[in-house]
Amino acid sequence: MSRAFWLAFVISAALLCAAQDQNPLAHDPNAAKAGEYEFRINCALCHGLGARGGGRGPDLARAQKKHTHNDAEMFQVISSGIPGTAMPANGTNGQGVGMTDTEIWQIIAYIRSQEPKTAAKSSGDAARGRELFFGDANCSMCHMVRGTGGRLGPDLTSVGGARTRASIMDSIRNPSRRLAWGLTESTKEFPQEYETITAVTADGKEIRGVAMNEDSFTVQVMDQGEHIHLLEKDKLKSFQKSRESIMPKYEADTLSDQQIDDIIAFLAASGAK
Amino acid sequence: MPQSARRTLNFLLLIAVFIFDLGIHTRAQVTSDRLLNSSKEPQNWLMYSGDYSGKRHTSLNQINPSNVKTLVPKWVYQTGATGKFETTPLVVDGIFYATAPDNRAFALDARSGRPIWMYQRQVPSDIRPCCGRVNRGMAILDDKVFFGTLDAHVVALDAKTGAVRWDVEAADYRTGHSFTIAPLAVKNLIILGVSGGEYGVRGFIDAYDADTGQRKWRFYTVPGPGEAGNETWEGDSWKVGGAPAWNTGTYDPATNQIFWPTGNPAPSNRGAGRSGDNLYSNSLLALDAESGKLNWHFQFTKHDEHDWDATQVPVLIERDGKRLIAQADRNGYFYVIDRANGKLISATPYGKTTWSDSKDAEGRPVANKNASPTLEGHTVCPGALGTTNYMPPAYNPQTGLFYVTARDQCDIFSTAPQPYEPGHAFYGSAYFPSEEAEPYLGFLKAIDPVTGEIKQKFQHTSPTWSGVLSTAGGLVFSGDAEGNFIAFDAASLKPLWHFQMGGAVYAGPMAFAVDGKQYVAIAAGSAIYAFALP
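In structure tokens:
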């Protein structure tokens, strides 16, 4: 009998013994290596090649995770996805063949192997970050955190847990370099990328705002006063879509790296349960 | 008038009444002759691409640029099935046949959308077909319809009742074999190719006796030891070499040959361990329809490492007296091939490509040194989804234009070595979209096959998986990822009409007529929509 068979047998038997908190492969020295390849194939699209997160998915190398506290919960999340987020259930993203139970446990072994032995220290001050967010930095004019703030830009309540410091820093310094990190069509749940729309209606009124949604014939726009405009493109005098973000570029003289770290610390604290 | 003549006249009148008065009535048989002469009955859509040439062009012209603005939905049929809905329906004498992604086949009243029968084969709970649950349609011959299932069975159903006439297992689904393809009926054979390139199956094309389900031939798309082409595989790599054949080919009655495209070698994104050209992956095969014997082959992408299945419909066209095959390939090049011998006539890029900057002596694009995936990953265009994919194209003999859905997207390809294990994914690599190339762009393009020139293009809001239908009315129909069904002017590709169907399109449109009224139908979301003039 092949090793795979016994592995499958052992795992099936383990699964039958109700929920378990421990990875049955936790002591298999080869599991993490096999899991690395599985991770690259199935998870790296959003979570980055080294599990350290990308713009689309959270850094999984952090010891503290938002949705899972133990291996069993992680297995559940990978198998069934997280409703209300872009995390799909295993095998349902329309790409690839999905993972077997063994492969999921291998991936969990890999993720565990990537976790730092000591927790990283945050250099930001969350209280100062909060003041900046709702005060001088004007973030809350367009962004909401826990129900307070504006609606024009993405809600940032959970962004601190979902994105790396580097990617948040980049979005603040260069908002146009990469608009909101939409997902590829097979997994995206909501296609909003916050492109800037400038439209002139038949009666000459100019509307400027962000695209809430769009197809070839219509566009749904939120303007800076948070009014929603439902427009038919062929009835407009002019229509322009730009990937130049409506968000201002925050240079170092407006917001220092330390101040951004403070804001990131605030966002990380806001998103934590 | 003598009495005998009157009696004859009455008899003829009776026949005339029978023919014209009953309206829709099912003729007994869809003979192979009817399939050969499908152009004589444009009210029916008798096979996946409409006819054996794969043109997906209807000679119905009631709907045209001047009246298309008034097109309205006549009926909607909700399947409730989950999965990507890729089916191309068939219509025969007023009955509408289609498949859904969950091993389901059904028949509807083509005039009202009301169901007549439904058949479903249980989907095994442990099945994990690559890329989602999918089925592209069925074939019809005599009094039966035929389709392939996710668990690799070929099923023949009574066209009038949906009762199973035969059901054969072609391969084991537990080792990654499945059918997603719409079969092709040729003479008395039902021909279809297997899916499973992501599982390291050894690809094949099968032909079954339509009456009995007995397998008449199987062509392995990866040659075994002692067969020509086996030397293009390293060691035993041929055993898990992939080269599935999951999209419907075309048929040339003049030479009794089928032209069938094949998919990626396995593992799909890692060439190490299978050095060589890896025949007949990513190839067009000319097979004798009777025997399944290979007459010639043309390989689009040698030793592929980017998942560029050549599983696009090879369209048979005639230009300046020449009998050609036009194929818009997933690797980004538009190929024109001599139908007689498989010799390449031209290969022209029709989208963003970076993998080749030279051609070999035959004119075939050759991969450059930087195209291979690396451990760190680097960007190659097109991405793994390709410039186009399975979505069926169309060719209009009147405009002489080839219409195809195209995508500009680049991916980062990185290696991730994997051992082969039966029933497990076997890609050998990971790919993900490259940010450098965002946003990804989607187009409908009109290509002149003679020059390879892109004559017109329409840019969609985002890339679409919809196929294309061309009509003699001077229109082109296609759908988009945002759920619109769109009619374009065939010459300018200007959109003239659209309807929001509320679900993304993954299917190819088709046309039919009932009671002299032309319809255009397409699957979107989990429903089928039929449109006609008011």
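Chains A and B are the protein sequences, given in the same order.
Residues 1 to 273, numbered by my numbering, are exactly what the first sequence covers, in order.
Residues 1 to 534, numbered by my numbering, are exactly what the second sequence covers, in order.
Ideal Cβ placement from N, Cα and C applies to all residues, glycine included.
This one's a predicted model, so the numbers in the text were calculated from it and none came from an experiment.
- Under the criterion of beta carbons closer than 8 Å, A/C142 and A/L152 qualify as touching, at roughly 4 Å.
- Collapsing the DSSP output to three states places A/D257 in a helix.
- H460, T461, S462 and P463: these are the residues of the region 460-476 of chain B whose beta carbon lies less than 8 Å from some beta carbon of chain A, given in chain order.
- Annotated as proximal: B/T70 and B/L533, with beta-carbon spacing under 8 Å.
- DSSP lists B/R202 and B/P265 as the beta-bridge partner residues of B/G242.
- The CB of B/P495 comes closer than 9 Å to the CB of S216 and F217 in chain A, given here in chain order.
- Sequence-ordered contacts of the region 419-430 of chain B with chain A read E421, H424, A425, Y427 and A430 [C-beta pairs closer than 7 Å].
- Using beta-carbon distances, B/P417 counts as an interface residue toward chain A, with a partner under 8 Å.
- With 16 or more other Cβ atoms inside 10 Å of its own Cβ, A/R40 counts as buried.
- For B/T354, the closest of B/T348, B/Y335 and B/P382 by C-alpha to C-alpha distance is B/P382.
- Interface annotation, B/S125: not in contact with chain A, CB-CB separation never under 8 Å.
- Apart from the 5 residues on each side of it in sequence, B/S237 sits with its Cβ closer than 7 Å to the Cβ of G273 and R274 in its chain, given in chain order.
- For A/T102, the uninterrupted alpha helix (DSSP H) segment begins and ends at D101 to Q114.
- Boundaries of the alpha helix (DSSP H) around A/V159: V159 to A162.
- Per DSSP, A/A61 lies in no beta strand (DSSP E) segment and is marked neither H nor E.
- Beyond the five residues adjoining it in sequence on each side, B/H177 comes within less than 6 Å, by CB distance, of A152, A171, V194, G196 and V201 in the same chain, given in chain order.
- Within the same chain, Cβ atoms closer than 6 Å to the Cβ of A/I107 are found at G35, E38 and F39, the five residues on either side in sequence being excluded.
- With 16 or more other Cβ atoms inside 10 Å of its own Cβ, A/D261 counts as buried.
- Not a single CB atom of chain A sits nearer than 8 Å to the CB of B/G80.
- Judged by pairs of C-beta atoms under 8 Å, the region 57-76 of chain A does not touch the region 123-130 of chain A, as fewer than three such pairs exist.
- In this structure B/Y173 does not touch B/T221 by the C-beta definition: roughly 19 Å separates them, more than the 8 Å allowed.
- Selection B/V520, B/H303, B/G508 and B/D448 evaluated against B/G473 yields B/V520 as nearest (Cα-Cα).
- Residue pairing of A/L45 in beta bridges, as defined by DSSP: absent, with no partner found.
- One Cα belongs to A/H227, the other to A/S256, and the distance between them is close to 33 Å.
- Within the region 15-48 of chain A, the residues whose Cβ lies closer than 7 Å to any Cβ of chain B are, in chain order, Y37, R40, I41, A44 and L45.
- Closest in alpha carbon position to B/S492, among B/G428, B/I447, B/P261 and B/G241, is B/I447.
- Under DSSP, A/E232 takes part in a beta bridge, and its partners are A/T218.
- About 5 Å separates the CB atoms of A/E195 and A/K241; that is less than 8 Å, so the two are in contact.
- Contact between B/L46 and B/L35 holds: CB atoms are separated by about 6 Å, below the 8 Å threshold.
- Contact of A/G98 with chain B by beta-carbon distance below 8 Å involves R128 and A425.
- For A/G209, not one C-beta of chain B is nearer than 8 Å to its own C-beta.
- Below the 8 Å Cβ cutoff, chain A contributes D215 and S216 as neighbours of B/D480, in chain order.
- DSSP places A/D28 in the coil class of the three-state scheme, outside both helix and strand.
- In the same chain as B/M391, and ignoring 5 residues on each side of it, the C-beta atoms closer than 7 Å to its own belong to T405, W465, S466, G467 and G508, in chain order.
- Boundaries for B/R215: no alpha helix (DSSP H) harbours it, while the beta strand (DSSP E) harbouring it runs R215 to Y220, taken from the DSSP string.
- Between the C-alpha atoms of B/Y395 and B/G516 there is a straight-line separation of about 24 Å.
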